[in-house]
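Take a look at the structure below.
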Amino acid sequence: MQGAYREVYDSWKSDPEGFWREQARAIDWFSDPDRIFDKDMGTYGRWFPDAVANTCHNCLDRHVENGRGGQAALIYDSPVTGKKKTYSYSELLGEVTALAASIADLGVSKGDRVIIYMPMVPEAIMAMLACARLGAVHSVVFGGFAAAELATRIEDSQAKLVISASCGIEPGRIVSYKPLLDRAIEMVSTPPENTIIVQREEQVCDLVEGRDHDFLTLMEKNRGRDVACVPVAATDPLYILYTSGTTGQPKGVVRDTGGHMVALNWSMDAIYSVKPGEVYWAASDIGWVVGHSYIVYGPLLHGNTTIVFEGKPVGTPDAGTFWRIIEEYKVAALFTAPTAFRAIRKEDPKGEFIGKYDLSSLRTLFLAGERADPDTIQWAEAMLGVPVIDHWWQTETGWTIAGNPTGIEMLPVKHGSPAVAMPGYDIEVLDDAGHPVGPGTLGNIVVKLPLAPGNLPTLWNAEARFRDAYLTEFPGYYKTADAGYVDEDGYLFIMARTDDIINVAGHRLSTGGMEEAIASHPDVAECAVVGIADPMKGQLPAGFVVINSGVERDMADIEAEIVALVREKIGPVAAFKIVMTVNRLPKTRSGKILRATMQKIADGESWKMPATIDDPAILDEITATLRERGILKDGR
Ligand code: COA
Ligand code: AMP
6 MQGAYREVYD
16 SWKSDPEGFW
26 REQARAIDWF
36 SDPDRIFDKD
46 MGTYGRWFPD
56 AVANTCHNCL
66 DRHVENGRGG
76 QAALIYDSPV
86 TGKKKTYSYS
96 ELLGEVTALA
106 ASIADLGVSK
116 GDRVIIYMPM
126 VPEAIMAMLA
136 CARLGAVHSV
146 VFGGFAAAEL
156 ATRIEDSQAK
166 LVISASCGIE
176 PGRIVSYKPL
186 LDRAIEMVST
196 PPENTIIVQR
206 EEQVCDLVEG
216 RDHDFLTLME
226 KNRGRDVACV
236 PVAATDPLYI
246 LYTSGTTGQP
256 KGVVRDTGGH
266 MVALNWSMDA
276 IYSVKPGEVY
286 WAASDIGWVV
296 GHSYIVYGPL
306 LHGNTTIVFE
316 GKPVGTPDAG
326 TFWRIIEEYK
336 VAALFTAPTA
346 FRAIRKEDPK
356 GEFIGKYDLS
366 SLRTLFLAGE
376 RADPDTIQWA
386 EAMLGVPVID
396 HWWQTETGWT
406 IAGNPTGIEM
416 LPVKHGSPAV
426 AMPGYDIEVL
436 DDAGHPVGPG
446 TLGNIVVKLP
456 LAPGNLPTLW
466 NAEARFRDAY
476 LTEFPGYYKT
486 ADAGYVDEDG
496 YLFIMARTDD
506 IINVAGHRLS
516 TGGMEEAIAS
526 HPDVAECAVV
536 GIADPMKGQL
546 PAGFVVINSG
556 VERDMADIEA
566 EIVALVREKI
576 GPVAAFKIVM
586 TVNRLPKTRS
596 GKILRATMQK
606 IADGESWKMP
616 ATIDDPAILD
626 EITATLRERG
636 ILKDGR
């Protein structure tokens, strides 16, 4: 492969520090980076070890200083409440400063952790930026998680403050956040001293005297106060984002300050090909990494207009919502998960809604978060008439590992592949023994250390887990836990996870976490959760449950309780609705549950009888149950 991409990639590879030194010039530093990388600092080295900066300054203040004050920074569009509001860069700076003053008054300062548990409202983005302004470390918790998950995150981060809202709005139902927050606070050993609550008119909540503070009251008191951006080391954490690991205890992915700004700012040009001033829309949620990087930080660092959309691709009110937003705000680039397009296609297979809107501003559609199936890509290409670009990354990396760098060179699209390694990433495919495999051979996808700027330096309070989970199995490499292959042209194909993580509607979930929740049911002896294929959400969790002997209750009642239990413990986002009681689980002779085999059977894929299986007859029982439940159709 030759051309601009190859040139840029090679220039990075021959001089990584020179490459990132150059990109760092686009950032405003309080103290410029003199050294670019220190290989002896941290676990695998640290980027910009001697630089000092502030992320909020780079997202807001410097744009206002440079004449962007009147430009729209954030457009809030909420079909679920019927509200719309635009904030210019100056207005957003004013709101963020007032909130920073309020937070500081509550005793939060540099390094303190703040949990943000909020729906998709502008105040959530203000909260993130206000923390950044003070050098406080935010940790956003997705609104679809229940009290116990929220409690785990408050506990692990030892948050001093929680910023939340009275409610979220899902189609057809109001999600009362405050009771969930109150319950979470009861569960933790060191409760946060204060909370700030955005009261939404759709449902207001009670506030606990002395602990809960009304957002609006604080803002009214503090508007106009001056709060300077606190200088922090480039290596200081900007945020912690908890993501599913293989157990119920989530991993606190740490994002640093300097490398994150440099990498995201670079990606806006090189990967998404948008110019400052253009409208960029990531239709995701701030609870996920896509939301952190491309609703908040990437677009604002780069001087774009970002859209905060509180709605769904379908049903709010119809499958034309995305197109309305593109027309109304002249969106240049849209980034979403393939599942959103599958949902739209299901409602509007002929794209009749698409024809009703003027989509001439849209240049590119970007997809990530889960495997982009060729069928969905082809449909989107045909309907929208713009390039549809898949790209692959993870919460841990914070930005694209492999993609099509449309701002450098639009490479030919191969359906099913997120294309090629981005500068910053030296990707290899290894067999289980750690030997490189050739083109076309499936293996473990790994990234040669050091990781790129913006990637996680460690896990919060869990350095040993960081090494164990990512660095130990393939020494010298970061294990992505994705399996796949590289073709002759260097294009990557991401095929599956190598661990117990599943991807449901673009949401990353731990089957281990669900198993822990199910196992807490008093009638459950043991259980296994696997991700089975679903045409809309990509995967759906399915639980196989063995009930304690002697339990004489109706199995349907127990199954319903188990569904409710997972919703209660993890949250509705788990989308856990399939549970099957079985007599026994298939295991190896050493007692390991054969989850992968069960998943293959459920998906109707070909499978081999594992050599170490204890009792092969159990797989017949599982197959029969899957048939009975209609999951495995006749003939498969
Ligand atoms: N707060 C509270 N509950 C939430 C929530 C939130 N922020 N987000 C989702 N939920 C609930 C849903 O209401 C649903 O509840 P239900 O079981 O009562 O119906 C449940 O969690 C499962 O949600 P989801 O899997 O998202 O299904 P859905 O049917 O609500 O929507 C899609 C399906 C495809 C429309 C939706 O998943 C979507 O828009 N996905 C886009 C992908 C995306 O944003 N990915 C993020 C990473 S890029
Ligand atoms: P998350 O950390 O939630 O972003 O999830 C990361 C995981 O989602 C990856 O490890 C992959 O398994 C999957 N994933 C994300 N993007 C893609 C993609 N473009 N193609 C295939 N899988 C993807």
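Residue numbers (my numbering): 6 to 641. Using N, Cα and C, we set each Cβ at its ideal position, and we do this for glycine too. Treat the numbers as computed from the prediction; the structure is a model and nothing was measured.
Cut-off 7 Å between Cβ atoms - residues of its own chain near residue i, not counting five sequence neighbours on either side
i, result
"residue 428", "13, 14, 17 and 24"
"residue 306", "63, 64, 266, 269 and 270"
"residue 188", "152"
"residue 43", "50, 51 and 54"
Whether residue i touches residue j by CB criterion (8 Å)
i, j, result
"residue 522", "residue 574", "yes"
"residue 39", "residue 55", "yes"
"residue 584", "residue 552", "no"
"residue 463", "residue 86", "no"
"residue 401", "residue 309", "no"
"residue 158", "residue 146", "yes"
"residue 499", "residue 10", "no"
"residue 488", "residue 477", "no"
"residue 113", "residue 139", "yes"
Close-in-space but distant-in-sequence residues of the same chain around residue i (CB under 8 Å, 5 per side omitted)
i, result
"residue 572", "151, 579 and 581"
"residue 172", "124, 179, 180, 181, 182, 183, 205, 207, 208 and 210"
Proximal residues to residue i (C-beta, below 6 Å), its chain only, five neighbours per side dropped
i, result
"residue 617", "593 and 594"
"residue 314", "82 and 288"
"residue 352", "319 and 324"
"residue 230", "106"
For residue j and residue i, the rounded distance between their alpha carbons
i, j, result
"residue 601", "residue 264", "37 Å"
"residue 148", "residue 226", "28 Å"
"residue 269", "residue 596", "45 Å"
"residue 193", "residue 170", "20 Å"
"residue 421", "residue 274", "24 Å"
"residue 394", "residue 370", "6 Å"
"residue 110", "residue 291", "25 Å"
"residue 355", "residue 375", "24 Å"
"residue 127", "residue 249", "26 Å"
"residue 76", "residue 282", "7 Å"
"residue 304", "residue 311", "6 Å"
"residue 98", "residue 91", "13 Å"
"residue 161", "residue 241", "18 Å"
"residue 74", "residue 67", "9 Å"
"residue 30", "residue 37", "9 Å"
"residue 536", "residue 297", "26 Å"
"residue 252", "residue 506", "9 Å"
"residue 539", "residue 379", "15 Å"
Cβ-heavy atom distance, residue i to the ligand COA, below 7 Å
i, result
"residue 543", "no"
"residue 91", "no"
"residue 574", "no"
"residue 361", "no"
"residue 351", "no"
"residue 452", "no"
"residue 512", "yes"
"residue 569", "no"
"residue 52", "no"
"residue 301", "no"
"residue 183", "no"
Near the ligand FAD: residue i beta-carbon under 7 Å from a heavy atom
i, result
"residue 55", "The ligand FAD is not among the ligands present in this structure, which contains only the ligand COA and the ligand AMP."
Nearest residue (CA-CA) to residue i, options the options
i, options, result
"residue 286", "316, 365 and 339", "339"
"residue 491", "448, 462 and 31", "448"
"residue 199", "399, 90, 244 and 117", "117"
"residue 406", "439, 311, 485 and 370", "485"
"residue 361", "259, 327, 603 and 71", "327"
"residue 531", "624, 591, 342 and 606", "591"
"residue 458", "272, 216 and 136", "272"
"residue 438", "540, 450 and 444", "450"
"residue 518", "501, 576 and 544", "576"
"residue 642", "177, 214, 514 and 525", "Not covered by the structure: residue 642. The range shown for the chain is 6 to 641."
"residue 166", "524, 174 and 156", "156"
"residue 228", "108, 555 and 22", "108"
Residue i Cβ short of 7 Å to the ligand AMP heavy atom set
i, result
"residue 449", "no"
"residue 398", "yes"
"residue 491", "no"
"residue 423", "yes"
"residue 478", "no"
"residue 373", "yes"
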